[in-house]
Every structure is written in C-alpha cells, then in structure tokens.
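Everything on this sheet refers to the single structure shown next.
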Amino acid sequence: VLELGCGVAALPSLVAAAALGADVVATDLPEVIPRATIGIERQLAGLALRAGAGVRAAEFVWSEDGTPPGGPFDMVLCADVLYDSSLHSALCAAIAGAMHEDGSALLAYAVRDAAAEADFF
504 VLELGCGVAA LPSLVAAAAL GADVVATDLP EVIPRATIGI ERQLAGLALR
554 AGAGVRAAEF VWSEDGTPPG GPFDMVLCAD VLYDSSLHSA LCAAIAGAMH
604 EDGSALLAYA VRDAAAEADF F
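This is the structure in structure tokens:
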C-alpha cells in the first residue's frame, strides 16, 4: 500500500497497517518526512500489528519524482490531497505510475473548490 501526501499524521497508512495488515509506504515532501517519521513511530508503538505489517515514511514529490518508491502497489491511498489544482495532473500520473494494473486508489477529501475538483474527477 502507498499513501500519497501522508502529512505528519499518516493516519490512512496507520489504519491500513493495523486493520488490513498492510506493509505501507507513506510519502510526502522532504520537509514533512522527519515529523511524519516521528509520528508514525509513536503511533506504531501502541499498535499490535500482524506479521509483515508496518509503515515507513519516504520522500516523494509528485510533480518532480515520477514513480513513487517501492512500487508497484495494490492500493494507493490519498487523503486531502486535492487542495492545489495545479498538481492534479501530477497526482494522477503518480497514482497511475504507482499501481499494479489491477490496483485500486482510494481518495478522501473535503470539498474546497468544487469546480477545480470536478476537473480532477
């Protein structure tokens, strides 16, 4: 499982590891990763994970890096990543480049700019 734009909490990644037993790569901008790593480690310390499950943070900049690290993935998670319409094309390319041919993407977001977000979907 890959999470794009994990932020400092990486909540979808932690849920995937705990509930699904997934091995997750949580990605974000380089400046976010140190704090994300601390948050992930603190949260993982309180979870009882299945063998093989876990979360690690990794740098990935959609608009620059091409293919995310560690792929291809069965599932891509994206939570609250549609805030900048100038990055929608890069996000689509990152999702497509990250997934297995039969993979799935799960996006969750709050509507901020319905017109711009409609272009994404």
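Following the working numbering, the numbering of the sequence shown begins with 504 at its first residue and continues without gaps. Note that beta-carbon positions come from the ideal geometry of N, C-alpha and C, so glycine has one too.
Cβ pair count under 8 angstroms reaching 3, the stretch 555-569 against the stretch 523-533: yes
I need the DSSP call for residue 514, collapsed to helix, strand or coil. helix
Expressed to the nearest angstrom, what Euclidean distance is found between the alpha-carbon atoms of residue 578 and residue 599? One Cα belongs to residue 578, the other to residue 599, and the distance between them is close to 11 angstroms.
From 520, 581, 538, residue whose alpha carbon lies closest to that of residue 553: Proximity to residue 553 across 520, 581, 538 peaks at 520, based on C-alpha coordinates.
Which listed residue (605, 587, 595, 546) has its alpha carbon closest to that of residue 615: 587
With a threshold of 7 angstroms on Cβ separation, who are the neighbours of residue 590 within its own chain once the five nearest residues in sequence on each side are excluded? The residues are 565, 566.
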